[in-house]
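Q: Sharing a structure here in structure tokens format.
There are 2 protein chains.
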Amino acid sequence: MNKTFKTYLFAKYSINDDVADSIISLLSPRKISKGTVLLRQGEISSYVCFVASGCLRSYVTDKKGKTHILSFAPKEKWIGDQLSMIRAEPSMFSIDAVEDSEVFLACHSFFEKMPAVYNNFHQVCIIEMLEHLRLMQKRILYLQGVFGDERYLDFMQSYPDLAVRLPQYMIASYLGISRQSLSRIRGKLAGTNIYSKEN
Amino acid sequence: MNKTFKTYLFAKYSINDDVADSIISLLSPRKISKGTVLLRQGEISSYVCFVASGCLRSYVTDKKGKTHILSFAPKEKWIGDQLSMIRAEPSMFSIDAVEDSEVFLACHSFFEKMPAVYNNFHQVCIIEMLEHLRLMQKRILYLQGVFGDERYLDFMQSYPDLAVRLPQYMIASYLGISRQSLSRIRGKLAGTNIYSKEN
DNA sequence: CGAGCGCTTGATTGAGTTCAAAAATCGTGG
DNA sequence: CCACGATTTTTGAACTCAATCAAGCGCTCG
Chain A
1 MNKTFKTYLF
11 AKYSINDDVA
21 DSIISLLSPR
31 KISKGTVLLR
41 QGEISSYVCF
51 VASGCLRSYV
61 TDKKGKTHIL
71 SFAPKEKWIG
81 DQLSMIRAEP
91 SMFSIDAVED
101 SEVFLACHSF
111 FEKMPAVYNN
121 FHQVCIIEML
131 EHLRLMQKRI
141 LYLQGVFGDE
151 RYLDFMQSYP
161 DLAVRLPQYM
171 IASYLGISRQ
181 SLSRIRGKLA
191 GTNIYSKEN
Chain B
200 MNKTFKTYLF
210 AKYSINDDVA
220 DSIISLLSPR
230 KISKGTVLLR
240 QGEISSYVCF
250 VASGCLRSYV
260 TDKKGKTHIL
270 SFAPKEKWIG
280 DQLSMIRAEP
290 SMFSIDAVED
300 SEVFLACHSF
310 FEKMPAVYNN
320 FHQVCIIEML
330 EHLRLMQKRI
340 LYLQGVFGDE
350 RYLDFMQSYP
360 DLAVRLPQYM
370 IASYLGISRQ
380 SLSRIRGKLA
390 GTNIYSKEN
């Protein structure tokens, strides 16, 4: 588990072995099984987490008990409510594992200590946040119907791996449509796209 | 213009006069009139901007020519496509002024030089980005209908000043509904709320 | 093998959109 | 300060798309 993480660190941040070890020593590795809840909306988050393998999601449950997925975090993505952690405020959403996953937990002190260990840390954070922000902006535009039906296709492109691993109803929840509607969209697309049916 | 900006810097970041001057010297102040376009979607953004007074908005125009507002930046907020600037990629949205405004433009070098001038700069950036991110997350949930009709009320609370200054159709565009629908919602609420009608 | 879960499909319904037109508001110049 | 045109908001009616309800199918796993 640590080894794949190291490989990732080398590739992404071009650091040496010692630094990688220092970083890992600041994190708590954990293996969690599908369905494990790491954060419940309203609780104060005490860490954010980096996903080494598998997939987590953040979501909100409304008063009718319906689940709305805010984001997925597959391999090599961060997920968590950092504001909740920093300010000790109740978090806005819940987080759980949609697959058996390996994660590294980063508590508040991780973010305080990291700049000393890896001095580009803040810049890297900012870039990753900008990317995440753009994803959110894109989602808002999709939800506002800017691009029409293409949101499903875009999801398939953005997360080709997830699209095959996750159940349809989760994708529907992420896209903000009902599972029936997604099923109909898929049906329509299957008629259009020669690659989607193999008979 | 510079003076109100300084007052803001003092209040928010508790820095001294010299540092404030240094910061201002890294920015380009500009007065822009209502309707001025600072960035057009598809162009590469060469700066992001801090709004000292007035209000800007970011928005996307779809193929039918319809405008979808992504965010407003009133007084003391940042707005821009930083990823577009950093990576010299086409920006996803346009930016214009919805009122006569005073802004400070920050080009790429601003972000490179700031850490030397004000060493908490990155932390401050990260906090502001986290707040902006939370706003976006909230919007996604609203668009997914998690909180029902309350999205309009929430907007009134979050931006009480904007709510009275901006035309309704812009608020509708931000909320992702048609102006007619917003008008009807307002009508319904006016019957409920004794403060909304003064006769 | 049967129970449960997820996916699909059909029929119905309703919230929100569009179209159209009237009413209200704003801004500008006489 | 009023009048006029332009813009914005409201209201009504028809319509549309996606949600919901409901039923059936297929797969997997105990």
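Order-wise, the sequence lines are chains A and B. Residue numbers for the first sequence follow the numbering used here, so the first one is 1 and each next one is one higher. Residue numbers for the second sequence follow the numbering used here, so the first one is 200 and each next one is one higher. Positions of the beta carbon are idealized from the N, C-alpha and C atoms, including for glycine.
1. Anything in chain A within Cβ reach of Leu361(B), meaning under 9 Å, just list it in chain order.
2. Does Leu166(A) pass the burial test, meaning 16 or more other C-beta atoms within 10 Å, or should it be called exposed?
3. As an exercise, report each continuous beta strand (DSSP E) stretch of at least 3 residues that is fully enclosed by the segment 28-64 of chain A, in chain order.
4. Mind checking Gly386(B): buried by the 16 CB within 10 Å criterion, or exposed?
5. Could you check the C-alpha separation between Tyr8(A) and Tyr351(B) for me, to the nearest Å?
6. Rounded to the nearest angstrom, what separates Lys263(B) and Val146(A) at their Cα positions?
7. For Ile273(B), count neighbouring Cβ atoms within 10 angstroms of its own Cβ and tell me buried if that reaches 16, exposed if not.
8. Does the beta-carbon distance from Gly375(B) to Leu143(A) come in below 8 Å?
9. Interface residues of chain A around Cys324(B) at Cβ under 7 Å?
10. Any beta-carbon of chain B closer than 8 Å to the one on Ser165(A)?
11. Quick one: measure Cβ to Cβ for Arg240(B) and Thr266(B), integer angstroms, because I've assumed they're closer than 8 Å.
12. Using 8 Å as the threshold, is the segment 75-84 of chain A in touch with the segment 16-35 of chain A, meaning 3 or more CB pairs across them?
13. Look at the alpha carbon of Met85(A) and the alpha carbon of Leu189(A), and state the distance between them as a whole number of angstroms.
14. Please return the same chain residues whose Cβ sits closer than 7 Å to the Cβ of Val363(B), not counting the five positions on each side in sequence.
15. For Ile44(A), is the classification buried or exposed, using 16 other Cβ atoms within 10 angstroms of its Cβ as the cut-off for buried?
16. Any beta-carbon of chain B closer than 8 Å to the one on Ile140(A)?
17. Cα separation between Val247(B) and Ala20(A)?
18. Short of 7 Å in beta carbon distance, which residues of its chain neighbour Asp100(A), apart from the five on each side in sequence? Order them along the chain.
19. What does the Cβ neighbour count give for Asp161(A), buried or exposed, with the cut at 16 atoms within 10 Å?
20. Are Tyr212(B) and Val302(B) close, meaning C-beta to C-beta below 8 Å?
21. Cβ of Ser71(A) within 8 Å of Cβ of Ser91(A)?
22. Should Arg87(A) be labelled buried (16 or more other beta-carbon atoms within 10 Å of its own) or exposed?
A: Quick look at the numbers:
1. Those do not exist, as Leu361(B) stays about 18 Å from chain A at its closest Cβ, beyond 9 Å.
2. buried
3. 28-32, 37-39, 47-53, 55-61
4. exposed
5. 44 Å
6. 9 Å
7. As written in the sequence, residue 273(B) is Pro, which differs from the Ile given in the question. It is buried - the Cβ of Pro273(B) has at least 16 other Cβ atoms within 10 Å.
8. yes
9. Ile126
10. Per the sequence shown, residue 165(A) should be read as Arg rather than Ser. Closer than 8 Å: no.
11. Per the sequence shown, residue 240(B) should be read as Gln rather than Arg. With 8 Å as the limit, Gln240(B) and Thr266(B) do not qualify as a contact, their Cβ atoms being about 11 Å apart.
12. no
13. 42 Å
14. none
15. exposed
16. yes
17. 34 Å
18. Ser33, Lys34, Gly54
19. exposed
20. no
21. no
22. exposed
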